[in-house]
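Comments concern the structure below.
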Amino acid sequence: MEISNRSHYYFINSGQKKIDFLLQYSNRKTMEIAVHPNGKVIVKAPEQSKLVDIETKVRKRARWIIRQLKYFEQFNPRVSVRCYVNGETHRYLGKQYRLKLIEGKKNTVKLSRGFFYITCEGHPTPEVAKKLLNAWYMEKARFQFSESVHRCWDKFSRQGISTKPNLSIRRMKTRWGSLSHKGTMTLNVDLVKAPKECIDYVVIHELCHLKYYNHSPDFYKLLESIMPEWKKIKHMLELSMS
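Structure representation (structure tokens):
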């Protein structure tokens, strides 16, 4: 659909909440309001629409917009700053483990009896410990996330979805996961620190986008049918990573 060059940012106030939105005019017959995972609100309106009418409609949908924005906040990682020193706690699959830095002949990371044993060549430093632990997390994330996709995929193949997405893993500052239009699922490596149920929740959320790319009522119906307890697990994710 052709979008005109008349695109501007506006805002409305709903109670004490300010809602910023990008207004785009196009050769369409109806107005569309979309809330994107990055928190951006985009309104697409017919060319001849009056601004006052657009603002009125946005205000009428304000409660829905705010609800969508709050929903996306769960994907904003709240991982605390770490110093990578002895005794500091780090998580893996929802459990906490203390760091124990050791001087040795080979760089290794071992998880045992409540501790991350990080052995460094020469004198152990926070910088080396961080590098080794991050590499360990990435290795475990590849395994755990692939296992999660495998666990969850069967439920989606019954929905008439035949193409499993490619999996990409990287560190993201503001998202737990995303799904591109080309079908690549990207997961935040830090998600491996959360319980397995939370990993499955994020994976299922992204897989739902294979059928409904937006967050329409149909999207939530699909999410609810596949993971009825998703709200409880969402709360678990927020608590475990705070």
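In the numbering used here, the protein residues as written are 7 to 248.
Positions of the beta carbon are idealized from the N, C-alpha and C atoms, including for glycine.
Since the model is a prediction, treat every value here as computed from it, not as a measurement.
Just the Cα atoms here: how many angstroms apart are K50 and M37? Taking the first residue of the sequence shown as 1, we reach residue 50 at position 44. Taking the first residue of the sequence shown as 1, we reach residue 37 at position 31. Roughly 6 Å separates the two Cα atoms.
Is the Cβ-Cβ distance between M191 and L173 less than 8 Å? Mapped onto the sequence shown, residue 191 falls at position 185. Mapped onto the sequence shown, residue 173 falls at position 167. In contact: M191 and L173 (Cβ atoms closer than 8 Å).
By the 10 Å Cβ neighbour count, where 16 or more other Cβ atoms means buried, how is F149 classified, buried or exposed? The residue labelled residue 149 in the question sits at position 143 within the sequence shown. With fewer than 16 Cβ atoms within 10 Å of its Cβ, F149 is classed as exposed.
Short Cβ contact (8 Å threshold) for I167 with K227: Taking the sequence shown and counting its residues from 1, the one referred to as residue 167 is at position 161. Taking the sequence shown and counting its residues from 1, the one referred to as residue 227 is at position 221. The answer is no: Cβ separation not under 8 Å.
Starting from the N-terminal side, write out each stretch of the beta strand (DSSP E) that is 3 residues or longer and does not extend beyond the region 46 to 131. The region 46 to 131 contains these whole beta strand (DSSP E) runs: 47 to 52, 95 to 98, 101 to 110, 114 to 118 and 121 to 127.
N-terminal and C-terminal residue of the beta strand (DSSP E) that Y31 is part of: Residue 31 sits at position 25 when you count from the first residue of the sequence shown. Start and end: K23 to S32.
Rounding to the nearest angstrom, what Cα-Cα distance links T114 and W142 in this structure? By one-based count along the sequence shown, residue 114 stands at place 108. By one-based count along the sequence shown, residue 142 stands at place 136. Rounded to whole angstroms, T114 to W142 spans 9 Å at the Cα level.
6 Å Cβ shell around R252 - same chain, five flanking residues per side excluded: This structure gives no information on residue 252, because the portion of the chain shown stretches from 7 to 248.
Please list, in chain order, all residues of the same chain as T125 whose beta carbon is under 6 Å from its beta carbon, the five residues on each side excluded. Against the sequence shown, residue 125 aligns to sequence position 119. I108, G110 and T114, listed in sequence order.
Could you give the distance in angstroms between the alpha-carbon of C204 and the alpha-carbon of R65? Locating residue 204 in the sequence shown gives position 198, where the first residue counts as 1. Locating residue 65 in the sequence shown gives position 59, where the first residue counts as 1. Looking at the two C-alpha atoms, the distance is approximately 34 Å.
C-alpha distance - H241 paired with K112, whole-angstrom precision: As a working mapping, residue 241 is identified with position 235 in the sequence shown. As a working mapping, residue 112 is identified with position 106 in the sequence shown. Rounded to the nearest angstrom, the two C-alpha atoms are 40 Å apart.
Whole-angstrom C-beta distance between P201 and S154, which should lie under 8 Å: Within the sequence shown, residue 154 is the residue found at index 148, counting from 1. Within the sequence shown, residue 201 is the residue found at index 195, counting from 1. About 11 Å; that fails the 8 Å criterion.
Helix, strand or coil for A40? Go by DSSP, reduced to three states. Counted from its first residue, the sequence shown places residue 40 at position 34. Of the three classes helix, strand and coil, the one that applies to A40 here is strand, per DSSP.
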